[in-house]
Amino acid sequence: MPALVLLGAQWGDEGKGKATDLLGGSVDYVVRYQGGNNAGHTVVVGDQKYALHLLPSGILSPGCTPVIGNGVVVDPSVLFSELNGLNERGVDTSKLLISGNAHIITPYNVTVDKVTERFLGKRKIGTTGRGIGPTYADKINRVGIRVQDLYDESILTQKVEAALDVKNQILTKLYNRRAIAVDQVVEELLTYADRLAPYVADTVLVLNQALENDKVVLFEGGQGTLLDIDHGTYPFVTSSNPTAGGACTGSGVGPTKISRVIGILKAYTTRVGAGPFPTELFDEDGEALRRIGGEKGVTTGRDRRCGWFDAVIARYATRVNGLTDFFLTKLDVLTGWEEIPVCVAYEIDGKRVEELPYSQSDFHHAKPVYEMLPGWSEDISKAKSFSDLPKNAQDYVKALEEMSGAPISAIGVGPGRDETIEINSFI
Ligand code: GDP
Ligand code: IMO
Ligand code: MG
14 MPALVLLGAQ
24 WGDEGKGKAT
34 DLLGGSVDYV
44 VRYQGGNNAG
54 HTVVVGDQKY
64 ALHLLPSGIL
74 SPGCTPVIGN
84 GVVVDPSVLF
94 SELNGLNERG
104 VDTSKLLISG
114 NAHIITPYNV
124 TVDKVTERFL
134 GKRKIGTTGR
144 GIGPTYADKI
154 NRVGIRVQDL
164 YDESILTQKV
174 EAALDVKNQI
184 LTKLYNRRAI
194 AVDQVVEELL
204 TYADRLAPYV
214 ADTVLVLNQA
224 LENDKVVLFE
234 GGQGTLLDID
244 HGTYPFVTSS
254 NPTAGGACTG
264 SGVGPTKISR
274 VIGILKAYTT
284 RVGAGPFPTE
294 LFDEDGEALR
304 RIGGEKGVTT
314 GRDRRCGWFD
324 AVIARYATRV
334 NGLTDFFLTK
344 LDVLTGWEEI
354 PVCVAYEIDG
364 KRVEELPYSQ
374 SDFHHAKPVY
384 EMLPGWSEDI
394 SKAKSFSDLP
404 KNAQDYVKAL
414 EEMSGAPISA
424 IGVGPGRDET
434 IEINSFI
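Everything in the sequence shown is counted per my numbering, starting at 14 for the first residue and increasing by one.
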């Protein structure tokens, strides 16, 4: 049976939580493969709203096993508070599996994230301040702490020493901060060991055996394609690979097992944090998208920057992820505009450009070339099939599909599970 990847096709917050939850009832495993608690995935079930940060959204589907893969960075204190919050609301979290190879976000990684941003001043990335970048940096520098290290105190102490050796020099000499004591960090990390123990597993083996036994595995991306460390708008990106290839490296499942890659695509565009955003709006349309779309960060509470749909980005997402489908979300938010501009190309230094430029300078200079599509005023939130949509909404979807390079197989018309038009089934 297949493995499916579901990922963000823009700059995050496309509605991945809702889409994952929708499929959660039909899959056996939902796997986070990268990122950490920088993510904020909203799931609305009936009158209940959940905000998930580190846990896969499949945790809300009783038949589903949620997995935190090796590519994820785990802040144990956040994990426990998320688990506690769900348990208090009656959600069973006992099936959770966590890779022993996942890296741990230590308190000093969080400190370094915040200090670095402050030091960058107006050049800052606008990170979520959750220690994500510094934890991945430690991983790449081979001074990271992994979940399995919590079960060998002597190894843990040596590794924390190695990690703090250079960091304390930087913190004290460059940033004028106090040095962090190895013992204190080790002591704190050890307090997490017992509670984490029942969840720790060889998730590579579990997932591959599941696939051999015809189980369905869904990979739930965090962030989005344009925030990818390799394929995004570097340096204004996150420090992992949300793109489809990340699902393989972040889980230990090979690419030949993946049969479907679904890009979650908002019917307009949003971005949180700094960095280029060609279709960003600074007028009342931008305000209206923010207000109607409820565009406030789930993790940091920051207002999201809003703009019109950008087909250049959607085409790029199709290419770098090998998308087989799109799940178009928040179409309902566009109800009420007489005409809706859609960015079909860029103008860069007087020249029309159809594809995302690889050069950062060119992308910073990109001006959107808009095509105006007719809007609709009818309430579409109750639409159950494509034919229930008003003609202009249908045409908007068809136009986006044509421009974006992959079929739109589902459309979100509201935050709830049921507020979805399913066109082609995913499983
Ligand atoms: P994620 O990070 O990709 O999971 O997305 P977020 O949860 O950060 O942001 C998406 C927001 O849009 C959440 O508040 C969702 O409840 C909401 N949402 C998702 N799909 C739809 C939709 O089709 N229509 C509307 N109106 N809201 C949606
Ligand atoms: P979900 O999964 C939107 C952004 C931050 C910042 C940049 C780097 O909910 O879509 P980081 O803390 O990762 O080092 O910050 O990435 N960012 C997100 N933006 N949605 C997210 O997650 C994000 N996770 C990180 O705002 O610009
Ligand atoms: Mg989000």
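Where a beta carbon is used, it is the ideal one built from N, C-alpha and C, also for glycine. As the structure is a prediction and not an experimental result, all values here were calculated from the model.
Checking 9 Å against the spacing of the C-beta atoms, do I424 and L369 come in under that value?
On the sequence shown, position 411 is the one that residue 424 refers to. On the sequence shown, position 356 is the one that residue 369 refers to. Not a contact, by the Cβ cut-off of 9 Å.
By the three-class DSSP mapping on this structure, what secondary structure does C12 have?
Past the boundaries of the shown model lies residue 12; the chain is included only from 14 to 440, so the question cannot be answered.
Environment of V213 [buried if 16+ CB atoms lie within 10 Å]:
In the sequence shown, counting from the first residue as 1, residue 213 sits at position 200. Buried.
By how many angstroms is the C-alpha of P387 removed from the C-alpha of N83?
Looking up residue 83 in the sequence shown gives position 70. Looking up residue 387 in the sequence shown gives position 374. Each residue's Cα considered, the two are about 46 Å apart.
Hey, would you say the C-beta of K397 is under 8 Å away from at least one heavy atom of the ligand GDP?
Here the question's residue 397 lines up with position 384 in the sequence shown. Outside the cutoff, so no.
Just to confirm my understanding: we take I275, look at its own chain, exclude 5 residues before and 5 after, and list those with CB closer than 8 Å. What are they?
Residue 275 sits at position 262 when you count from the first residue of the sequence shown. Excluding residues within five positions, the ones whose Cβ falls inside 8 Å are L17, V18, L19, L20, A32, L336, T337, D338, F339, F340, S422 and F439.
Any chance the CB of G53 is under 8 Å from a heavy atom of the ligand GDP?
As a first step, residue 53 must be located in the sequence shown, where it is residue number 40. Yes, since a heavy atom of the ligand GDP falls inside the 8 Å radius drawn around the Cβ of G53.
Under a three-way DSSP split, which group does S394 fall into?
Numbered from 1 along the sequence shown, position 381 holds the residue referred to as residue 394. Three-state result, S394: coil.
Using CA coordinates, which residue listed in P420, D196, E414 and E300 is at the minimum distance from Y121?
Working through the sequence shown from its first residue, we reach residue 121 at position 108. Y121 has its Cα closest to that of D196, out of P420, D196, E414 and E300.
Please confirm whether P403 and E384 have their CB atoms less than 9 Å apart.
Walking along the sequence shown from the start, residue 403 turns up at place 390. Walking along the sequence shown from the start, residue 384 turns up at place 371. No. Outside cutoff.
Identify which residue in A176, G363, K395 and Q373 has its Cα closest to the Cα of V382.
Here residue 382 is taken as the residue at index 369 of the sequence shown, counted from 1. For V382, the nearest C-alpha among the options comes from G363.
Would you call T119 buried or exposed, if buried means 16 or more other Cβ atoms sit within 10 Å of its Cβ?
Here residue 119 corresponds to residue number 106 of the sequence shown, with the count starting at 1. Classification of T119: buried, given that the 10 Å Cβ count is 16 or more.
Buried or exposed by the 16-neighbour rule on C-beta atoms within 10 Å, applied to H66:
Translated into the one-based positions of the sequence shown, residue 66 becomes position 53. Burial call: buried.
In whole angstroms, what is the alpha-carbon distance linking A396 and K62?
In the sequence shown, the residue the question calls residue 396 occupies position 383. In the sequence shown, the residue the question calls residue 62 occupies position 49. Cα-Cα distance, rounded: 22 Å.
Supposed contact pair A176 and I158 - C-beta distance, whole angstroms, cut 8 Å
Start at 1 with the first residue of the sequence shown, and residue 158 comes out as number 145. Start at 1 with the first residue of the sequence shown, and residue 176 comes out as number 163. I158 to A176, Cβ: 7 Å. Contact.
E308: CB within 8 Å of a non-hydrogen atom of the ligand IMO
Mapped onto the sequence shown, residue 308 falls at position 295. E308 Cβ: outside cutoff for every heavy atom of the ligand IMO.
Could you pull the start and end residues of the alpha helix (DSSP H) that H378 belongs to?
Counting from one through the sequence shown, the residue named residue 378 turns up at place 365. Residues Q373 to H378.
Starting from R131, follow the alpha helix (DSSP H) in both directions and report where the run begins and ends.
Along the sequence shown, one-based indexing puts residue 131 at 118. Where R131 is concerned, the enclosing alpha helix (DSSP H) stretches over P120 to L133.
For a test of the three-state rule: what should DSSP assign to V266, helix, strand or coil?
Counted from its first residue, the sequence shown places residue 266 at position 253. Correct three-state label for V266: coil.
Any contact between the stretch 43-54 and the stretch 344-352? By contact I mean 3 or more CB pairs, one from each, below 8 Å.
no
First and last residue of the uninterrupted beta strand (DSSP E) at D441
Missing from the structure shown is residue 441; the chain here goes from 14 to 440 and no further.
At which residues does the alpha helix (DSSP H) containing R332 begin and terminate?
By one-based count along the sequence shown, residue 332 stands at place 319. Unbroken alpha helix (DSSP H) run through R332: A324 to N334.
Sub-9 Å separation of T283 and G235 beta-carbons
For the purposes of this step, residue 283 is taken as the residue at position 270 of the sequence shown. For the purposes of this step, residue 235 is taken as the residue at position 222 of the sequence shown. Result no, Cβ atoms of T283 and G235 do not sit closer than 9 Å.
Say yes only if the C-beta of P248 is nearer than 8 Å to one or more non-hydrogen atoms of the ligand MN, and no if none qualify.
You won't find the ligand MN in this model; what it holds is the ligand GDP, the ligand IMO and the ligand MG.
Can you give the Cα-Cα distance for R315 and L163, rounded to whole angstroms?
Walking along the sequence shown from the start, residue 315 turns up at place 302. Walking along the sequence shown from the start, residue 163 turns up at place 150. In a straight line, the C-alpha of R315 is about 34 Å away from that of L163.
What number of angstroms, rounded off, separates the C-alpha of D165 from the C-alpha of I145?
Position 152 of the sequence shown, counted from the first residue, corresponds to residue 165. Position 132 of the sequence shown, counted from the first residue, corresponds to residue 145. Spanning the two alpha carbons is a distance of roughly 24 Å.
Please list, in chain order, all residues of the same chain as F132 whose beta carbon is under 7 Å from its beta carbon, the five residues on each side excluded.
Numbered from its first residue, the sequence shown carries residue 132 at position 119. Here the set comprises Y188.
Kindly indicate which residue of I271, G59 and N50 has the alpha-carbon position closest to the one of S90.
Indexing the sequence shown from 1 puts residue 90 at position 77. The candidate whose alpha carbon is nearest that of S90 is N50.
Q61 CB to nearest heavy atom of the ligand IMO below 8 Å:
Taking the first residue of the sequence shown as 1, we reach residue 61 at position 48. No; taking the cut-off as 8 Å, the Cβ of Q61 has no heavy atom of the ligand IMO nearer than that.
Spatial neighbours of N334 within its chain, please: C-beta separation below 7 Å, excluding the five flanking residues on both sides.
Here residue 334 refers to the residue found at position 321 when the sequence shown is read from its first residue. Result list for N334: L20, T238, T256, A257, V274 and G276, in chain order.
Residue burial classification, N97 (beta-carbon count within 10 angstroms, cutoff 16)
Counting from one through the sequence shown, the residue named residue 97 turns up at place 84. So N97 ends up on the exposed side.
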